[in-house]
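As they're listed, the protein sequences go chains R and A.
One point on numbering: in the working numbering, the residue at position 89 of the first sequence is 89, and numbering is uninterrupted.
One point on numbering: in the working numbering, the residue at position 14 of the second sequence is 14, and numbering is uninterrupted.
To start, the structure under review is shown below, and the notes come after it.
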Amino acid sequence: SQTIHQWPATLVQPVGSPLSLECTVEGTSNPNLYWYRQAAGRGLQLLFYSVGIGQISSEVPQNLSASRPQDRQFILSSKKLLLSDSGFYLCAWSDRWGIYEAFFGQGTRLTVV
Amino acid sequence: SQQGEEDPQALSIQEGENATMNCSYKTSINNLQWYRQNSGRGLVHLILIRSNEREKHSGRLRVTLDTSKKSSSLLITASRAADTASYFCATVTLNTGANSKLTFGKGITLSVRP
């Protein structure tokens, strides 16, 4: 069966520090991969999605970047965190053609102080 | 930008009552999905309805889709306290090359009072 792992669960980072959140998927190949951010009490904002290794689409201009070094690995990064980067980050995968349901990781609560 | 918009933003009902949540969207879709999120957790897929379907059932869930009005509704019958969560609609649009993306609305907070 397919599983998705996202870590860490919580993270407190100072302003200006780098960030690396990792997400891996097991039990499937060639998935579509997504990074979402959820501000407190808000909906999900799509940050990045990827349809293959090295293929990243950015949805909104921001202080973050994403990479997909392997088929089932998706990384969210920042060189210098801002206070506004605080939020709940969710990784998800869906079928290669993306018309089926998405499966989410448990999320990372990032607090930038 | 967000495709779907749910309403109401918050809903409070008594256990045993039915809960109806609505979602409207703007552009043509391949399918529409509803998800549930418990506080501080990831989202869990509930049900998917394709653009050529009008109604779908899954247990106590009933979803309708009206593509002419670009709207969907989620009905939870005989609600339970455990149904307390946030509910999101999400739409799938097919981009060039059949690659698609899943975009979410802002969600509805459902509280079911025991």
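Glycine is no exception: its CB is placed at the ideal position from the N, C-alpha and C atoms.
It should be emphasised that the depicted structure is a prediction, and the values quoted were computed from it without experimental measurement.
From the DSSP output, in three-state form, read off residue i for me.
i: residue 82 of chain A; result: helix
i: residue 83 of chain R; result: helix
i: residue 64 of chain R; result: coil
i: residue 93 of chain A; result: strand
i: residue 9 of chain R; result: coil
i: residue 62 of chain A; result: strand
i: residue 100 of chain R; result: coil
i: residue 3 of chain R; result: strand
i: residue 188 of chain R; result: With chain R represented from 1 up to 113, any question about residue 188 of chain R goes unanswered, as that position is not in the structure.
i: residue 52 of chain R; result: strand
So the beta strand (DSSP E) residue i belongs to, where does it begin and stop?
i: residue 89 of chain R; result: 87–94
i: residue 77 of chain A; result: No beta strand (DSSP E) holds residue 77 of chain A; DSSP gives it neither H nor E.
i: residue 19 of chain A; result: 19–24
i: residue 39 of chain R; result: Where residue 39 of chain R is concerned, there is no enclosing beta strand (DSSP E), given that its DSSP letter is neither H nor E.
i: residue 71 of chain R; result: Taken as a continuous stretch (DSSP letters only), residue 71 of chain R belongs to no beta strand (DSSP E), as it is neither H nor E.
i: residue 12 of chain A; result: 10–14
i: residue 6 of chain A; result: 5–7
i: residue 58 of chain R; result: 55–58
i: residue 31 of chain A; result: 31–37
Is there a Cβ of chain A sitting closer than 8 Å to that of residue i, yes or no?
i: residue 16 of chain R; result: no
i: residue 21 of chain R; result: no
i: residue 102 of chain R; result: yes
i: residue 148 of chain R; result: Residue 148 of chain R falls outside the range modelled here, since chain R spans only 1 to 113, and no answer is possible.
i: residue 94 of chain R; result: yes
i: residue 90 of chain R; result: yes
i: residue 2 of chain R; result: no
Quick check: the Cα distance between residue i and residue j, rounded to an integer number of angstroms?
i: residue 107 of chain R; j: residue 90 of chain R; result: 5 Å
i: residue 110 of chain R; j: residue 8 of chain R; result: 9 Å
i: residue 67 of chain R; j: residue 80 of chain A; result: 41 Å
i: residue 42 of chain R; j: residue 38 of chain A; result: 14 Å
i: residue 7 of chain A; j: residue 58 of chain R; result: 28 Å
Hey, is residue i's beta-carbon within less than 8 Å of any beta-carbon in chain R?
i: residue 56 of chain A; result: no
i: residue 103 of chain A; result: yes
i: residue 75 of chain A; result: no
So residue i and residue j are in contact, right, with Cβ under 8 Å, and what is the actual spacing, rounded?
i: residue 74 of chain A; j: residue 61 of chain A; result: 7 Å
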